[in-house]
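Trainee: Dumping the structure here so I can ask a few things about it.
Protein chains in written order, with the numbering used here: chain X, 687 to 1119; chain Y, 687 to 1119.
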């Protein structure tokens, strides 16, 4: 971890930058794979899985037998843990549903919004270095709550052609029935165009490596929506003398272990807190199974002493972290000053792992500074809101003349006429009665 | 208007397609303009405005004098009309604000969301064939309600280097101070990268021609968010024997006049309604100033008789119209069956013009089938929702063991350790007391 003591404001632009990664242009590769999938469909998926994942699968769909087998492989303790997490995630996301609220903007003019689940959604669960069954909960539960009609889950098979049993158990627990063994660019292609087996969807969710991310971005050009642009995971911790350096170090490491491209930042108004945290980092790192990833990520990371907690918050708002752990006892007093962040963890007991797994908040969050302009995944991500309006005769009479004037000023005379015809009829009706 | 009587289901795929437009690849042009703006900033904007808009401007920023002049050019009647529209839009969008709702998912685990306005937003108001000052209201009012810190408005100057006074009056009315004379790709480039005069933004809103649309799409690769992908405007009307053919025709024409690439569709369970509407279309078209556009759009348009209103709704949900006018007396009974639409207008008095200008709903809506996966612009479009969580000692003790199990199963031991350290301290504390 590189450390900085009271760096001048002129250095902040550099200090709030993410580590630059080589921008490998994957668009051409993605388009090749997409073309092949449009032509050869299922067969293309099977071929690409053999080529990219080095496994020859016979059936894309996971069978009922495979799910039953997975259930038998998961311990009762883990099942209960997953059920607790599912219950909390469901509670938090259920509360995000909105009641219909009819607003009479002018007498006789009623306007409201109603939510509808996006009908067909695709959920991508990465394979890779960790079997992220928790992401199945984070995406599947709000999709269910939104009454999405078709929920399609894709995840890459391992070298034996299998899916990790925890992913299958979790998907089954929350009622996802359409599970396919396909990953990478080819999974995103299948969800974008559809094949004989896998249905085309309207929106694709889920994290992934650089290939999946590139494929999701290209998919947008084919009419599919995506949850958000993705990048490596990151955490920013704000600590002071009321923080526990041991916890701060553990939280920094739990982000750093995600991958060597993860970034962690510690801001503090107290040099001693920084020094103690660094000592803790070293001793905890030594015993971590994924120490190699974490050590690499720490090289990209920064520990910065600033003049005050207010200054730490200013820095954090410029950086716009995916996760902000505000490990100070007074954290709650500063909430109104938090402007850009994906998810915020307050105090000494709110570790990032809580939100990653079981507190109920979603862990699919904007990275790479996108917390400035994107929200994390929520119930909202799985719905559209349709506006409705109903004008009575009185309503159109009340706002009709204003519409006529505005339409005329915009030189849109058919817009005006649609109102004029109705107003004329209503005037005639009154004069006749 | 082409007409179809009870087309078989097998024809629906074709009938719900948009008119194919030649997919002109503008990406290379956009990237050229963007490069130039990154290098030469303001000067590039002035040069491109001379090249593309054929006008040499001296100052990009609209001056206070120009705004004062604009105010004097707008009639009192139009001012009052705009004020009524602004008031209704403000009422409807204010009601979209959410109260903070703290959910205790498990005892001691409190989770909630808070909204923050996106700090820097760009609003694009097209020049082109109609001065769309109404769009200034539709984008500027929710941006204000969301407390966006910087609202930057770009709109192309006319051949005299001026902005239409109604756009300036409207922007000034709602307190937008940063107004710049720049349109097209160069406006989107300025908002994406920033120049000496125009500030870089986090999200770009607003409709535009194919150049603006292409530029917004490319801008996304440079970290900017956009409101939604855009395409030509469209309306689908569902009518039965309770509808007034004269109104239906007027509503179809008010969409058709937008441009020759607009599309209008009429669905009915009643052949007579179709025939009477077609007669009305012809007579109303004859007297329209923008008849040329409208006539062209009608060539792409369809009048379809189906067996029932339910069948009309099935068709409409596949088409996913930007505007759905449900011009039947019984429309409200069918609301739960409306799944895909941008904005819905119910009954004989709810013409699309009402929502375009003054009822209070937003008129920036998903086109081209995107109503399947996108909502229209709303208050939500100008905010991010940040999740917060605060766990007490009791909270982490309640969910900590589940987190430990799940983290271990995902092979993320630093995630587990962040919890274990805290649980151990709490156990020691209890045993000491």
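Note that CB positions come from ideal geometry on N, CA and C, so glycine has one too. Just so you know, these numbers come straight off a predicted model, no measurement behind them.
Any idea if residue 1116 of chain Y is buried or exposed, counting beta-carbon neighbours within 10 angstroms, 16 or more meaning buried?
Mentor: exposed
Trainee: By the 8 Å beta-carbon criterion, what residues does the segment 970-985 of chain X contribute toward chain Y?
Mentor: 970, 974, 975, 976, 980
Trainee: Please name the residue or residues paired with residue 804 of chain X in a DSSP beta bridge.
Mentor: DSSP, once it has assigned bridges, lists no residue as partnering residue 804 of chain X.
Trainee: From what residue to what residue does the alpha helix (DSSP H) around residue 1083 of chain X run?
Mentor: Membership of residue 1083 of chain X in the alpha helix (DSSP H) is indicated by the continuous run 1079-1095.
Trainee: For residue 966 of chain X, would you say it is in contact with chain Y, using Cβ-to-Cβ distances shorter than 7 Å as the test?
Mentor: no
Trainee: For residue 972 of chain X, does the three-state DSSP call read helix, strand or coil?
Mentor: coil
Trainee: Any residues in the segment 861-895 of chain X with a beta carbon nearer than 8 Å to a beta carbon of chain Y? Which ones, in chain order?
Mentor: Cβ contacts with chain Y come from 888, 889.
Trainee: Since residue 1057 of chain X contacts residue 1027 of chain X with CB under 8 Å, what's their CB separation in whole angstroms?
Mentor: Their Cβ separation, rounded to whole angstroms, is 5 Å, which keeps residue 1057 of chain X and residue 1027 of chain X in contact under 8 Å.
Trainee: Does DSSP put residue 977 of chain Y in a helix, a strand or coil?
Mentor: helix
Trainee: Nearest by alpha-carbon distance to residue 1122 of chain Y: which of Y:1008, Y:812, Y:1083, Y:847 is it?
Mentor: The requested residue 1122 of chain Y does not occur in the structure, where chain Y is confined to residues 687 to 1119.
Trainee: According to DSSP, what are the bridge partners of residue 911 of chain X?
Mentor: X:889
Trainee: Looking at the secondary structure, which residues open and close the beta strand (DSSP E) in which residue 949 of chain X lies?
Mentor: Residue 949 of chain X -> beta strand (DSSP E) spans 949-954.
Trainee: Hey, how far is the Cα of residue 755 of chain X from the Cα of residue 848 of chain X?
Mentor: 11 Å
Trainee: Under 9 Å Cβ-Cβ, which residues of chain Y neighbour residue 817 of chain X?
Mentor: Neighbours of residue 817 of chain X on chain Y, chain order: 1095, 1096, 1097.
Trainee: State the DSSP-derived secondary structure class of residue 784 of chain Y, mapped to helix, strand or coil.
Mentor: coil
Trainee: Looking at residue 1059 of chain X and residue 1102 of chain Y, is the spacing between their C-beta atoms short of 7 Å?
Mentor: no
Trainee: Residue 1014 of chain X by DSSP, collapsed to three states: which one?
Mentor: coil
Trainee: Who pairs with residue 925 of chain X in a beta bridge, going by DSSP?
Mentor: X:954
Trainee: Could you spell out where the alpha helix (DSSP H) holding residue 1102 of chain Y opens and where it closes?
Mentor: 1099-1118
Trainee: Determine the chain Y residues that contact residue 792 of chain X at a beta-carbon separation under 7 Å, and present them in chain order.
Mentor: 774
Trainee: Of all Cβ atoms in chain X, is any one closer than 7 Å to the Cβ of residue 1033 of chain Y?
Mentor: yes
Trainee: For the segment 687-721 of chain X, which residues have a CB atom closer than 7 Å to at least one CB atom of chain Y, in sequence order?
Mentor: Flagged: no residues at all.
Trainee: Comparing alpha-carbon positions, which option in Y:1113, Y:1095, Y:1104, Y:1040 lies nearest residue 855 of chain X?
Mentor: Nearest option by C-alpha distance: Y:1095.
Trainee: Could you tell me the distance, in whole angstroms, from the CA atom of residue 1022 of chain Y to the CA atom of residue 1071 of chain X?
Mentor: In a straight line, the C-alpha of residue 1022 of chain Y is about 13 Å away from that of residue 1071 of chain X.
Trainee: Are any of the Cβ atoms in chain Y nearer than 7 Å to that of residue 925 of chain X?
Mentor: no
Trainee: Quick one: what does DSSP say residue 943 of chain Y is sitting in, helix, strand or coil?
Mentor: coil
Trainee: Looking at the strands, I want to know which residues DSSP matches up with residue 796 of chain X.
Mentor: Note: residue 796 of chain X sits in a beta bridge opposite X:790, X:1076.
Trainee: When you compare only the Cα positions, how much space is there between residue 997 of chain Y and residue 769 of chain X?
Mentor: Taking the straight line from one Cα to the other gives about 42 Å.
Trainee: Mind checking which residues open and close the beta strand (DSSP E) that includes residue 691 of chain X?
Mentor: 688-691
Trainee: Compute every distance between the C-beta of residue 987 of chain Y and the non-hydrogen atoms of the ligand COA, then say whether any falls below 6 Å.
Mentor: Summarising the ligand content, the structure contains no ligands, and the ligand COA is consequently not present.
Trainee: Hey, quick one: how far does the beta strand (DSSP E) through residue 836 of chain Y stretch, first residue to last?
Mentor: 836-841
Trainee: On the CB-based measure, 16 or more other CB atoms within 10 Å of its CB, does residue 993 of chain X come out buried or exposed?
Mentor: exposed
Trainee: Does the structure place the segment 872-892 of chain X close enough to the segment 695-705 of chain X that three or more beta carbon pairs sit under 8 Å?
Mentor: no
Trainee: With DSSP run on the structure shown, which of helix, strand or coil describes residue 989 of chain Y?
Mentor: strand
Trainee: Buried or exposed: residue 941 of chain X, going by 16 or more other Cβ atoms within 10 Å of its Cβ?
Mentor: buried
Trainee: Where does residue 727 of chain Y sit, in a helix, a strand or coil, going by DSSP?
Mentor: helix
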